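What follows is a single structure, written as structure tokens, with notes after it.
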Amino acid sequence: MTAPDALPPLELPSTAEVRWVMSALVQRYFSRETHARLLDADVSGGVLTVVAWQAGPSPADPGGVIGHRTDLGVRLAECEGDLEAVLLDALQFQVSEPSAPGWAASGAELAWPLDRYPEATWYG
């Protein structure tokens, strides 16, 4: 079985649409004090970038700023076009290992928006 083909860029949602849907998801599923708080989101070049504050697993680990980057077209194809499912996964940071703080998962390029969130640990 091969990976689903990505949707053409013209069919990808805009940054404004992504921010609106993610804000609704945060209000619906997360407590602002204990789970996650959306700080920023962007769709550029077919790449979804999400920055959020995420609570730690215990009071001793208060959490921090986390960034996530993923190919939006591929993720939409995998989720049969369900934008909410893709964004909920991104907001929950459904990944296994972080990359270096402040860097994209590939390590090859600075992750957007590094200048605004230098403390973020990036996932991808």
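In this text, residue positions in the sequence shown follow our numbering: the first is 142, and each later residue adds one.
Ideal placement from N, C-alpha and C gives every residue a C-beta, glycine not left out.
In this text, all values refer to a predicted model and were calculated from it rather than measured experimentally.
Check for me: the alpha helix (DSSP H) holding Arg169 runs from which residue to which? Thr156 to Tyr170
Collapsed DSSP secondary structure at Ala193 in the structure displayed: strand
Please tell me whether Leu213 and Leu189 are closer than 8 Å, where the distance is taken between their beta carbons. yes
Skipping 5 residues on each side, what residues in its chain have a beta carbon closer than 6 Å to that of Glu238? Interpretation of Glu238 is limited by its pLDDT of 44, a score under 50 that renders its predicted location unreliable; the figure taken from the coordinates is listed afterwards. No residues qualify anywhere along the chain.
Hey, quick one: how far does the alpha helix (DSSP H) through Arg216 stretch, first residue to last? Leu213 to Glu219
Taking the Cβ atom as the reference point for each residue, do Glu225 and Leu166 lie within a distance shorter than 8 Å? yes
How long is the line joining the alpha carbons of Val227 and Cys220, rounded to whole angstroms? 7 Å
If contacts are defined as beta-carbon pairs under 8 Å, then Thr156 and Val184 qualify, I think. What distance do you get, rounded to the angstrom? 5 Å
Can you tell me the Cβ-Cβ gap for Ala231 and Thr262, rounded? I've got them flagged as a contact below 8 Å. About 15 Å separates the two Cβ atoms, so there is no contact after all.
DSSP state of Ala182, grouped into three classes? strand
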